[in-house]
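J.: Take this structure, written in structure tokens, and hold onto it; I'll ask about it next.
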Amino acid sequence: MFLLQNDKVEEANIQVAKIYKLTDEQIGQRIISDLQKGIQQAQELSKTSPTFIQSLTNINYRRASWMLIAIAMFNQLSGVNIVNMYSTEIFTKLLANGV
């Protein structure tokens, strides 16, 4: 992938042939072309990622974004960390009281 991203196709062909022990050059070229297509698709997707405002207001992302915000708030406000912090003290007092 690194070689293809830096336009070193010939070196990438050599490495693919070594890795897959290829004797047929067409198969190696097909693998390289598939990798190049994947790189192009990834670059196109990274250009179209939504902005912060779009993730909160666009109909495609709005529900998921607000749901994640609600889950994060619930996690912080639920107080479960108090139980984790004082668990040894709580269990020690419970055992001392015979519970």
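In this text, residue positions in the sequence shown follow this note's numbering: the first is 13, and each later residue adds one. Where is the CB? At the ideal position from N, CA and C, for every residue including glycine. It should be emphasised that the depicted structure is a prediction, and the values quoted were computed from it without experimental measurement.
Helix, strand or coil for Gly91? Go by DSSP, reduced to three states.
T.: Coil, per DSSP.
J.: Tell me the residue span of the alpha helix (DSSP H) that contains Lys105.
T.: Run containing Lys105: 99-108, per the alpha helix (DSSP H) assignment.
J.: Measure the C-alpha to C-alpha separation of Tyr32 and Val21 and round it to an integer number of angstroms.
T.: In a straight line, the C-alpha of Tyr32 is about 16 Å away from that of Val21.
J.: Run the CB neighbour count on Val95, radius 10 Å, all protein chains shown included, and call it buried at 16 or more, exposed below.
T.: Exposed.
J.: For Ala24, which residues in the same chain have their Cβ closer than 7 Å to its Cβ, ignoring the five residues on either side in sequence?
T.: Excluding residues within five positions, the ones whose Cβ falls inside 7 Å are Leu15, Leu16, Ile44.
J.: Please state the DSSP three-state secondary structure of Thr69.
T.: Three-state result, Thr69: helix.
J.: For the alpha helix (DSSP H) containing Lys30, name the first residue and the last one.
T.: Taken as a continuous stretch (DSSP letters only), the alpha helix (DSSP H) holding Lys30 covers 21-32.
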